[in-house]
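The next block holds one structure in the form of structure tokens; read it before the comments.
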Amino acid sequence: MYNISMTFKINIPIQQVLYYLGYKDQKLDSHLLDDINSCIQIVLENMDIKYTYKLFDLKKDALQIPGKTIQELMDQSTFLFVFAVTLGHKVDRIVYQNQIKDVSKALLLDACCNAAIEQVCDLIESQLIDYYQKDHLFVSDRFSPGYGDFPLNYQSTLCQILDTSRKIGLHISDHLILIPKKSVTAVCAISDKPFTHRLKGCENCNLFFNCSLRKRGMNCGN
Numbered sequence: 001m002y003n004i005s006m007t008f009k010i011n012i013p014i015q016q017v018l019y020y021l022g023y024k025d026q027k028l029d030s031h032l033l034d035d036i037n038s039c040i041q042i043v044l045e046n047m048d049i050k051y052t053y054k055l056f057d058l059k060k061d062a063l064q065i066p067g068k069t070i071q072e073l074m075d076q077s078t079f080l081f082v083f084a085v086t087l088g089h090k091v092d093r094i095v096y097q098n099q100i101k102d103v104s105k106a107l108l109l110d111a112c113c114n115a116a117i118e119q120v121c122d123l124i125e126s127q128l129i130d131y132y133q134k135d136h137l138f139v140s141d142r143f144s145p146g147y148g149d150f151p152l153n154y155q156s157t158l159c160q161i162l163d164t165s166r167k168i169g170l171h172i173s174d175h176l177i178l179i180p181k182k183s184v185t186a187v188c189a190i191s192d193k194p195f196t197h198r199l200k201g202c203e204n205c206n207l208f209f210n211c212s213l214r215k216r217g218m219n220c221g222n
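With full-length UniProt numbering applied, the sequence shown corresponds to residues 1 to 222, in that order.
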């Protein structure tokens, strides 16, 4: 129940990259698609996925997490799966270097990184579902600090709980920015009863218009 191994075979979907670039149904020229595919390859070759987690037994472990949505989730659950994942420092450096010499390419690389970290989180979620299916347990959607009424400042607590600095080299700044930037902390609840799954994506969050992460060109991984 407590030894959950994960494998990460990442394929960055070009449609997800276009989503992060703000494209919808616009016609795309072949040069842009070639540039995106080139940037996807750069990210795949340079990301260094590191991941850590803790599983809390909610009947035994005293764990207080602020936010009505999370509390309601925990009240109907048996376990809480808390995890952190990062793409590593190298992709951060590549994006930063291109911000100085080629802003357009930097934007493409940044979108590719966002799509990649979301893909990693989706893989964690799907492997959790597969892992617990045999025990007839159900896994909720993932929730990250900054999503809905889950306070962004709880990001620091999750990093402390998981000891991310030592285990995967993930730090958090005084301004609550994860370093490396292409990183996510999140929780998933586990229950013997099915969950109601929500629509994912920034546009479905009730903080869409006031989200501090979105205003900085970032996302919480949900």
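Where is the CB? At the ideal position from N, CA and C, for every residue including glycine. These numbers were taken from a predicted model, which means no experiment stands behind them.
>> Measuring only the C-alpha atoms, how far is valine 103 from tyrosine 96?
In response: Between valine 103 and tyrosine 96, the alpha-carbon positions lie close to 9 Å from each other.
> Tell me which same chain residues have a C-beta within less than 6 Å of the C-beta of leucine 63, skipping the five on either side of it?
Replying inline: Closer than 6 Å at Cβ, skipping near neighbours: Phe56.
> Name the DSSP bridge partner or partners of lysine 181?
Replying inline: Note: lysine 181 sits in no beta bridge, so no partner.
> Sorted by chain position, which residues of the same chain lie with C-beta nearer than 7 Å to residue 240's C-beta, five sequence neighbours on each side aside?
Replying inline: Only positions 1 to 222 of the chain appear in this structure, which leaves residue 240 out of reach.
>> Judging by CA-CA distance, which residue of Pro194, Lys181 and Thr52 is the nearest neighbour of valine 91?
In response: Here the closest residue by C-alpha is Lys181.
>> I believe isoleucine 49 touches phenylalanine 8 by the beta-carbon criterion, under 8 Å. Please report the beta-carbon distance rounded to the nearest angstrom.
In response: That belief holds up - the Cβ atoms of isoleucine 49 and phenylalanine 8 are roughly 5 Å apart, short of 8 Å.
> Quick one: Cα of aspartate 75 to Cα of glutamate 118, how far?
Replying inline: C-alpha of aspartate 75 to C-alpha of glutamate 118: approximately 27 Å in a straight line.
>> Helix, strand or coil for lysine 50? Go by DSSP, reduced to three states.
In response: Assignment of lysine 50 by DSSP, reduced to helix, strand and coil, places it in the strand class.
> Roughly how many angstroms lie between the CA atoms of leucine 158 and serine 30, to the nearest whole one?
Replying inline: Between leucine 158 and serine 30, the alpha-carbon positions lie close to 43 Å from each other.
> Between the region 122 to 139 and the region 40 to 49, do at least 3 Cβ pairs fall closer than 8 Å?
Replying inline: Touching, no.
> Which residue's Cα is closest to the Cα of serine 191: Ser183, His175 and Ile129?
Replying inline: Minimum Cα distance to serine 191 is reached at Ile129.
> Run through DSSP, which three-state label would leucine 62 get?
Replying inline: Before going on, a small fix: residue 62 reads as alanine here, not leucine. Reduced to three states, the DSSP call for alanine 62 is coil.
> Quick one, which of Ala186, Gln41, Cys112 and Ala84 has its alpha-carbon nearest glycine 22's?
Replying inline: The shortest C-alpha to C-alpha distance from glycine 22 to any of Ala186, Gln41, Cys112 and Ala84 is the one to Cys112.
> When DSSP builds the beta bridges, which residues end up paired with histidine 171?
Replying inline: Paired residue(s): Ile179.
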